[in-house]
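For the sequence shown, numbering that gives the first Met the number 0 assigns the number 0 to the initial residue and increments by one for each residue that follows. Just below is one structure, and these are the notes that go with it.
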Amino acid sequence: MKARRKIKTKKVKVLPKKGKKVKLKDSSELEFVRLPYIRFIGVGGGAGSILDEVSKYISKNPKIKSKVEFYCINSDRQALKSLSSRVRKVLIGEKITGGFGTGGDTKLAEQIANQDIKKIEQVIDNRDFFVVVSCLGGGFSSGALPVLLKNIKEKKKKSIGIFTMPFAFEGQKRMTVAKKALNEAKDFVNAFTPIYNEKIFDFIDKNTPLTMAFSMINRKLAENLEGFLEMIYLPGLINIDFADLNTTVSGTGQLFYLYSIVFDDMASLEKFSESSFFVKINKYSLQSHEKFVPEKILFNITADESLKLYDVSSISNIIIRENPRAKVIFGISYNKKMKSKVRLTIILVGRLKEVLNQAEKKKVEIISQNSGENLDTAKNKKESNGASKIEKVEKTKSKKQVDQKVKRKKAKNKKNQDKKTAKKVKVKKNKVGDKKEIKNKTASIKRTSKKDLFQKPEAKINKSIIQKKRRTPLDVKEIRELENKTIEEQENKWDIPAFLLNNEVKKDDK
């Protein structure tokens, strides 16, 4: 029998028919939403040892461990080698210092940071939020810190600073360097918290060794940061998003205080909060906020599933009671390992009273100036409105009087105009009359001169000669002789007075 050959067949994908419903994918198969990564950056040898201690505590929590990274930037090779593998090392300025540090020279540290800026940019890339730790007072930490924070701000990323201040026994010079570096750094960071090493004496005895005292500082800081990371990354009934953290920290040069305290049960928390809650927290912390006024509060309650609504309301009332003006955001997260214990993590963001008073004074001055200008304008408007109202009333009252005055004025003007016109007419008439008199006089003179003066009744002139248009020289001569005779006769009459003419006539008759 011949063996049958197997025929290979291609699998054909069958498309769903129209009208049939297609099942959606489960939520587990959907795209994973990336949680924000927080990167801790230590600047200098002291900050590296703090992060090494903090990473030891945080590495015990697997849910947080994968979301956090630790970096240390330094110019001292030996200090970087002493750190564990949990902290990534970044050596800068090796060409200038040879890997032996700056020797307390802050200007040299700033120069090194600016030269190796590419290495610093690699530490900043691909991350959302930075927690920068530095022990101020040293050469490298005080000089390189402002360069790092300035670069983070230019990238438009959020950052908070945890800066430790030196002990009093380290000298005044180191303290002045630390304060100068703090003043420069706070302009580039969203919020910062100063940790005073001097406060460690409130928690230790005189017989406590030095290494144990420093580890206590690091442990307290690690506990606070662990509560901070749990608040962001652990799921809960009311989650605090990364956006809530951004809104709380948004701003520049603000002070922030981070507290994380574990209570045995709710009864111990209530006893703790019988007096001033934040005053007691201040006693158990290395941070000092005696003159601090919180403007924004972010707090989270971590407990097991036995947490009651009454417990949540009592805790929130304790916090709001002492800070009624602050903006409050809260969250609740469950942790089975807590059992009956309760963890309270609080972030306070605000400013000092002096700074707030100055800001309020400036606001009041600006408001008073604006209000003064507004009052002046309002007064002017009122005065103008009052004047206009009075004018309106006066106008309404004295309309008749005004009309009478207007009529009188019009009458006077008409009279004056009539007088002026009459004068003008008189002047014109006088001129016309003078002209007529002058014409009459001239006409009479012309008549008398032609007929009376120049003609004698006895002497008869040939009219034919005078009427001729063209005259001969003889005619002209005769006319002139006649005229001369008549003129002489008239002159003789004018020279002799009238009362003597009769006597002369009589003599002639005799």
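Ideal Cβ positions, reconstructed from N, Cα and C, are used throughout, including at glycine. Since this is a predicted model, take the numbers as computed values, not measurements.
{"query": "Beta-carbon proximity of leucine 147 to isoleucine 111, cut-off 8 Å", "result": "no"}
{"query": "As assigned by DSSP and simplified to three states, the class of proline 193", "result": "strand"}
{"query": "Residue interval of the alpha helix (DSSP H) (run including methionine 337)", "result": "Careful: methionine 337 lies outside any alpha helix (DSSP H) and carries neither H nor E."}
{"query": "The beta strand (DSSP E) enclosing threonine 301, as first and last residue numbers", "result": "291–302"}
{"query": "Nearest candidate by alpha-carbon position, reference leucine 181, set Leu107, Pro145, Asn238 and Lys94", "result": "Pro145"}
{"query": "Counted within 10 angstroms of its Cβ, other Cβ atoms place proline 165 as buried (16 or more) or exposed", "result": "buried"}
{"query": "Cβ pair isoleucine 296, valine 311 closer than 8 Å", "result": "no"}
{"query": "Cβ-Cβ separation, tyrosine 256 to threonine 192 (assumed contact under 8 Å), whole Å", "result": "6 Å"}
{"query": "Sub-8 Å separation of threonine 105 and glycine 44 beta-carbons", "result": "no"}
{"query": "Residue nearest to lysine 338 in terms of C-alpha spacing, selected from Lys172, Ser305, Thr344 and Lys404", "result": "Ser305"}
{"query": "Backbone secondary structure at asparagine 125 - three-state DSSP", "result": "coil"}
{"query": "Top-ranked residue by Cα proximity to glutamate 93, from Ile331, Lys80, Asn73 and Thr210", "result": "Asn73"}
{"query": "Alpha helix (DSSP H) runs wholly inside the stretch 134–217, at least 4 long, in chain order", "result": "138–153 and 171–184"}
{"query": "Same chain only: Cβ atoms within 6 Å of lysine 418, ignoring 5 sequence neighbours per side", "result": "none"}
{"query": "Which residues DSSP lists as bridging valine 348, in chain order", "result": "Phe255 and Lys295"}
{"query": "Beta-carbon proximity check, threonine 163 vs asparagine 196, cutoff 8 Å", "result": "yes"}
{"query": "Contact under 8 Å by Cβ, lysine 340 with valine 292", "result": "no"}
{"query": "Pairwise C-alpha distance: leucine 473 and glutamine 489", "result": "25 Å"}
{"query": "Separation of glutamate 109 from lysine 185, as counted between CA atoms", "result": "16 Å"}
{"query": "Close beta carbons around cysteine 134, own chain, < 7 Å, minus the five adjacent residues each side", "result": "Gly43, Gly45, Ala46, Ser140 and Thr163"}
{"query": "Residue of Cys71, Lys80, Gly97 and Thr96 minimising C-alpha distance to glutamine 121", "result": "Cys71"}
{"query": "Span of the alpha helix (DSSP H) around lysine 59", "result": "It is not in any alpha helix (DSSP H) - lysine 59 carries neither H nor E in the DSSP assignment."}
{"query": "Close Cβ partners of asparagine 217 (< 7 Å) along its chain, the five nearest in sequence each way excluded", "result": "Ile49, Glu52 and Val53"}
{"query": "Assigned secondary structure, tyrosine 309 (DSSP; H/G/I helix, E/B strand, else coil)", "result": "helix"}
{"query": "Beta-carbon spacing of tyrosine 56, alanine 242 below 8 Å", "result": "no"}
{"query": "Presumed contact (8 Å Cβ cut-off) between tyrosine 36 and lysine 66, rounded CB distance", "result": "6 Å"}
{"query": "Endpoints, the alpha helix (DSSP H) within which arginine 76 is located", "result": "76–80"}
{"query": "Residues that glycine 226 bridges to, as DSSP identifies them", "result": "DSSP lists no partner for glycine 226."}
{"query": "Bounding residues of the alpha helix (DSSP H) (the contiguous stretch that carries phenylalanine 69)", "result": "Counting along the chain, phenylalanine 69 falls outside any alpha helix (DSSP H), though it belongs to the beta strand (DSSP E) covering 67–73."}
{"query": "Neighbourhood of lysine 335 by C-beta, 7 Å cutoff - its chain only, sequence neighbours within 5 removed", "result": "Asp303"}
{"query": "Cβ separation of leucine 268 and isoleucine 231, assumed to be a contact under 8 Å, to the nearest whole Å", "result": "About 22 Å; that fails the 8 Å criterion."}
{"query": "Proximity winner among Pro323, Gln77 and Gly349, relative to lysine 88 (alpha-carbon distances)", "result": "Gln77"}
{"query": "C-beta atoms of isoleucine 237 and glycine 330 nearer than 8 Å", "result": "yes"}
{"query": "Which of helix, strand or coil DSSP assigns to valine 132", "result": "strand"}
{"query": "C-beta contact flag for isoleucine 161 and valine 188 at 8 Å", "result": "no"}
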